[in-house]
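The block underneath contains the structure these notes are about, expressed in structure tokens.
In the working numbering, the protein residues as written are 60 to 228.
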């Protein structure tokens, strides 16, 4: 919330919770280390460097999982931003939203109720324990903007969010 440490110009944040006090841990708190965090916006370009897509999401540890799912929708399945943002998602279950990668955390995969049945079957066939849960903010609030082949802009704001909007120019 724009809290600055005195006149230092250093903004305070809550990403330090990603550090561990356990010696030898990959996120061990010590000099020169940065706290791990989940912020993972993506910018996709065409081979010639022209902008293709920008996207991002909130959602704790689910953020990189959501970004990956949206990129697959956009790039592999050639879906428009609205379908990529609105489609059913899965995530590795997490109690706090920032503990997914700890070794003692359950590896249950949660699926939104509108995830296609073949996704659930594929995860089960690969040995994952799955649980269907109600769609909502635990699956992030994602947004995507794409520059179409005609140079127009197409965008989508997540229907899971209470508010949102997409704006093109």
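Every residue gets a Cβ at the ideal spot worked out from N, C-alpha and C, and that includes glycine.
As the structure is a prediction and not an experimental result, all values here were calculated from the model.
Listed as beta-bridge partners of residue 69 by DSSP are no residues whatsoever.
Relative to the Cα of residue 174, the nearest Cα in the group 75, 78 and 142 belongs to 142.
Assigned with DSSP and collapsed to three states, residue 115 falls in strand. According to the DSSP assignment, residue 142 belongs to the alpha helix (DSSP H) that extends over 140-145. Taking 8 Å as the cut-off, the Cβ atoms of residue 151 and residue 178 do not count as close. Three or more beta-carbon pairs separated by less than 8 Å are not found between the region 206-218 and the region 181-193, which leaves the two stretches without contact. If you draw a straight line from the Cα of residue 109 to the Cα of residue 205, it comes to about 11 Å. Burial of residue 132 is indicated by the presence of at least 16 other C-beta atoms within 10 angstroms of its C-beta. Taking 8 Å as the cut-off, the Cβ atoms of residue 190 and residue 219 do not count as close. Distance from the Cα of residue 111 is smallest, within the candidate group 203, 75 and 176, for 203.
Going by C-alpha positions, residue 127 is about 21 Å away from residue 77. Residue pairing by DSSP places residue 150 opposite 169 in a beta bridge.
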